[in-house]
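>
Chains as they are written, first to last, in full-length UniProt numbering: chain E, 51 to 207; chain Z, 51 to 207.
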């Protein structure tokens, strides 16, 4: 019989191990690349970007810093009954910085998942804070990342 | 010191335990309620339903059986440049049955997560198959369900 390697490796492969991993690993280690658009661009350009990149959320930046978040839902709401999406700038329909839920790059994966579930959102921007309201977007953390983590843990990768 | 209950409970709390749980538990046990709309309803009604129920995907039914899936992305694509969404029936823009990825109610959670990751989709309809192409929609399985599973497992619930 083949040795059942790993099965009795108590400590890192138990749920205690999973919890420790989620609480001690920074979210930046498992996030995806962020997709950004500059303030001043139109809602139409945001929609094109969303389809081209196949993401659910785009981050709006001003002078390289996060200023807003725009989701499929925001874009859908805007495109109903608005015939010229080229004339509407993204900052008119985005969620503004003061209302954005985000994580710092060194925050734990556990904290990131908790925020996603608590605020019932699809993804979080991962940021490096340079100063108050000067948040550089360095990644995004999504429910796809979470799903991959679960499968990797179950399969022992 | 408090006893560290559960920490050494090898067998159901290891990753072997997680894998066994995911492979042996039917997806119907952890899914959410499905949101459906009947064929013949308009794209506008689908958008209203999507916002009211706050879901990413709606299932289209004909004579109570699954006939299509309509996502935020489909609705966004349709609403660009179409001024009267009341006159477009959902069946014109939905993904049709032959192209829908779904799971049967007794399929495992593992299989459901695998399908979501393989096909890069946000959710799956959970169905009871009564006959060929007669699929009753009994639930939906989403990446939110997966995220909750991971946290419950990590926290030992």
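Even glycine gets a Cβ: it sits at the ideal position worked out from N, Cα and C.
Of all Cβ atoms in chain Z, is any one closer than 9 angstroms to the Cβ of residue 131 of chain E?
Taking the first residue of the first chain as 1, we reach residue 131 of chain E at position 81. Interface residue, yes.
> Between which two residues does the alpha helix (DSSP H) containing residue 124 of chain Z stretch?
One-based indexing of the second chain puts residue 124 of chain Z at position 74. Here the alpha helix (DSSP H) through residue 124 of chain Z covers 122 to 129.
> Measure the alpha-carbon distance for residue 125 of chain E versus residue 93 of chain E and round it to whole angstroms.
As a position in the first chain, residue 125 of chain E is number 75, starting the count at 1. As a position in the first chain, residue 93 of chain E is number 43, starting the count at 1. Distance between the alpha carbons of residue 125 of chain E and residue 93 of chain E is about 7 angstroms.
> Who are the Cβ neighbours of residue 99 of chain Z in its own chain at under 7 angstroms, not counting the five residues just before and after it?
Residue numbering aside, residue 99 of chain Z sits at position 49 when the second chain is read from its first letter. Here the set comprises 85, 87, 108.
> For residue 132 of chain E, I'd like the list of residues in its chain whose CB is within less than 7 angstroms of its CB, leaving aside the five on either flank, ordered along the chain.
Against the first chain, residue 132 of chain E aligns to sequence position 82. These residues qualify, in order along the chain: 138.
> What residue ranges within the stretch 179 to 205 of chain E form continuous beta strand (DSSP E) runs of no fewer than 3 residues, ordered along the chain?
Entirely contained in the stretch 179 to 205 of chain E, the beta strand (DSSP E) runs reaching 3 residues are, in chain order, 184 to 192.
> By the DSSP assignment, the alpha helix (DSSP H) with residue 99 of chain E in it spans what residues?
Numbered from its first residue, the first chain carries residue 99 of chain E at position 49. That run of the alpha helix (DSSP H) goes 93 to 103.
> With a threshold of 6 angstroms on Cβ separation, who are the neighbours of residue 149 of chain Z within its own chain once the five nearest residues in sequence on each side are excluded?
Along the second chain, one-based indexing puts residue 149 of chain Z at 99. Closer than 6 angstroms at the Cβ level, and outside the excluded window around residue 149 of chain Z, lies no residue.
> Would you say residue 116 of chain E and residue 185 of chain E are within 9 angstroms of each other, going by their C-beta atoms?
As a position in the first chain, residue 116 of chain E is number 66, starting the count at 1. As a position in the first chain, residue 185 of chain E is number 135, starting the count at 1. Yes, they are a contact pair.
> Give a yes or no on whether 9 angstroms exceeds the smallest Cβ distance from residue 145 of chain Z to chain E.
Indexing the second chain from 1 puts residue 145 of chain Z at position 95. No, its Cβ sits nowhere closer than 9 angstroms to a Cβ of chain E.
> Can you pull the chain E residues whose beta carbon is under 7 angstroms from the beta carbon of residue 197 of chain Z, in chain order?
As a working note, residue 197 of chain Z is residue 147 in the second chain. What residue 197 of chain Z touches in chain E: 163, 166, 167, 193, 196.
> Flag residue 142 of chain Z as yes if its beta-carbon sits less than 9 angstroms from any beta-carbon of chain E, otherwise no.
Taking the second chain and counting its residues from 1, the one referred to as residue 142 of chain Z is at position 92. Closer than 9 angstroms: no.
> Just to confirm my understanding: we take residue 193 of chain E, look at its own chain, exclude 5 residues before and 5 after, and list those with CB closer than 8 angstroms. What are they?
Translated into the one-based positions of the first chain, residue 193 of chain E becomes position 143. Cβ neighbours of residue 193 of chain E beyond the five flanking positions: 166, 172, 173.
> At 8 angstroms on the CB atoms, spell out the chain Z contacts of residue 112 of chain E, in chain order.
Start at 1 with the first residue of the first chain, and residue 112 of chain E comes out as number 62. Per Cβ cutoff of 8 angstroms: no residues; residue 112 of chain E is ~24 angstroms from chain Z at best.
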